[in-house]
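Inspection log for the structure reproduced underneath, given as structure tokens.
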Amino acid sequence: MAKTVADSVQSFLNGLNLKIEKPVQTHLRRVYGALSLSMMAAAFGAYVHLATDYLKGTIWTLLLSIVLLLLINGTPHTRENEKLRFCYLMGFSALSGISTGPLLDYVVSVKPATIISAFLVTSAVFVSFTLAALYAPDRKFLYLIGSLLAVLSTMCWLSLFNLFFDFNILFQMNLYTGLAVMCGFLLYDTQLIMEKRRMGDSDYIRHSVDLFVDFIGIFRRIVVILAQKEVRKKKN
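Taken in order, the sequence shown gives residues 8 to 243; the numbers are from my numbering.
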């Protein structure tokens, strides 16, 4: 199955006529192949939470996913460790899907179809910004990191402030600003992955985690925005 996904990704990249070195294209094929399988694992995890009673999203599943993420980062990228790290990746992805379950429970109570709509919108956004990063010249999106971290820091302080005062306008600001920041990180991470490969870093599993986190971050914000829209429709 992994080979089939990788071949599909390679065909897609070949059709883009990208002016990228062959080793970097091969690396991107592996990264996006691993990302595709991660998304399947996350979807399975979300299904387990929504449709079964075997495992529910709690603080413990979140903590376990963090442990697996640390194991991915802490285990050296070698041929001997590749299968083990890939198992960590699938476990992390599945638990991330399960941890998203409580949010999806709320969305289902509003309108179940919103989940599919959010996934489609997220996929469109992800592909669009990925192509922008792949085609952009001179690694210009790598310079976004300073601004992104500054905005992210401000958002964290505003979120902490809002825990005590609960202003809806601050929540909405963080929601939409957070969506913009995650899209910015997608541009940055995509170009950073290519630059790392040019410098000899071939850890496609770790690189796929960066893009997976970007995708999940975008999805969570879009699903909240669409759910809010449905709530307003019902009130009117």
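We put the CB at the ideal spot given by N, CA and C, even for glycine. Computed from a predicted model, the values in this text were never measured in an experiment.
Using only alpha-carbon positions, find the residue among the options that is nearest to residue i.
i, options, result
"F99", "P30, F219, G153", "F219"
"I123", "Q235, N243, K241, F226", "F226"
"M180", "H34, F222, L165", "L165"
"L76", "K241, D217, K240", "D217"
"G31", "E202, D145, E87, S116", "One detail in the question is off: residue 31 reads as Val in this sequence, not Gly. Nearest C-alpha to V31: E202."
"H34", "R239, R213, I176", "R213"
"L156", "I176, F171, V188", "V188"
"S130", "K26, N243, D145, S43", "S43"
"K26", "I66, P144, L167", "P144"
For residue i, which residues from the same chain have a beta carbon less than 6 angstroms from its beta carbon, with the 5 sequence-adjacent residues on both sides left out?
i, result
"D210", "H84"
"R37", "Y211"
"F133", "F222"
"V128", "I229"
"R146", "Q198"
Thinking residue i and residue j are a contact (beta carbons under 8 angstroms), I'd like their distance in whole angstroms, please.
i, j, result
"A58", "G104", "That pair is no contact at about 12 angstroms."
"L199", "L149", "6 angstroms"
"L110", "T68", "Not quite, the Cβ-Cβ distance comes to about 13 angstroms (not below 8 angstroms), so this is no contact."
"L182", "V114", "In fact, because the Cβ distance is near 14 angstroms, the residues do not count as touching under 8 angstroms."
"F136", "L193", "5 angstroms"
"M46", "F222", "7 angstroms"
"A41", "S215", "4 angstroms"
"L151", "G207", "In fact, because the Cβ distance is near 24 angstroms, the residues do not count as touching under 8 angstroms."
Can you name, in chain order, every residue of its own chain whose Cβ lies under 7 angstroms from the Cβ of residue i, other than the five neighbours on each side?
i, result
"Y61", "V55"
"G64", "H56, I105, S106, T107, G108, P109"
"T121", "V114, V230, L233, A234, E237"
"F178", "N169"
"K118", "E237"
"F171", "none"
For residue i, which residues in the same chain have their Cβ closer than 8 angstroms to its Cβ, ignoring the five residues on either side in sequence?
i, result
"P185", "Checking the sequence shown, residue 185 turns out to be Gly, not Pro. If we look at G185 and ignore the five residues flanking it on each side, its Cβ neighbours are M162, G224, R228."
"L91", "T82"
"L79", "It should be noted that the sequence gives Ile, not Leu, for residue 79. These residues qualify, in order along the chain: R92, Y95, L96, F99, I212, R213, V216."
"N88", "T82"
"E28", "R205"
"R86", "none"
"S154", "G191"
Counting only beta-carbon atoms, is residue i nearer than 8 angstroms to chain C?
i, result
"I123", "Note that chain C does not occur in the displayed structure, where there is just one protein chain."
Would you be able to state if there are at least three C-beta pairs under 8 angstroms between the region 87-101 and the region 67-75?
-> Note that the region 67-75 touches the region 87-101; at least 3 beta-carbon pairs, one per stretch, sit closer than 8 angstroms.
Contact between the region 189-205 and the region 130-145: three or more CB pairs below 8 angstroms?
-> yes
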